[in-house]
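Inspection log for the structure reproduced underneath, given as structure tokens.
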Amino acid sequence: VFSWDVWIQIFFTTYVIKFVVSAASTPFIYIARSFNHPEEDLQKPGV
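Below you can see the structure in the form of structure tokens.
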């Protein structure tokens, strides 16, 4: 069993890590969304 001080440190450390990972992955998500997929262009009506 851990003391409350340890639980608070775990809580804050977890959220700091979540924030860092999400901030680091966001540019890669935007880059991946900007890729042109030729098979999707063929499925668009009116193109």
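Going by our numbering, the sequence shown opens with residue 9, and the numbers climb by one from there.
A virtual CB, placed ideally from N, CA and C, is assigned to each residue, including glycine.
I need the boundaries of the alpha helix (DSSP H) containing residue i, first residue and last residue.
i	result
V29	W12 to R41
How long is the line joining the alpha carbons of residue i and residue j, rounded to whole angstroms?
i	j	result
F27	F19	13 Å
Y7	V9	Outside the shown range of the chain (9 to 55) lies residue 7, about which nothing can therefore be said.
V29	Q17	18 Å
P35	N44	17 Å
R41	S11	45 Å
For residue i and chain C, any beta-carbon pair shorter than 8 Å?
i	result
S42	Among the protein chains of the structure shown there is no chain C, as only one such chain exists.
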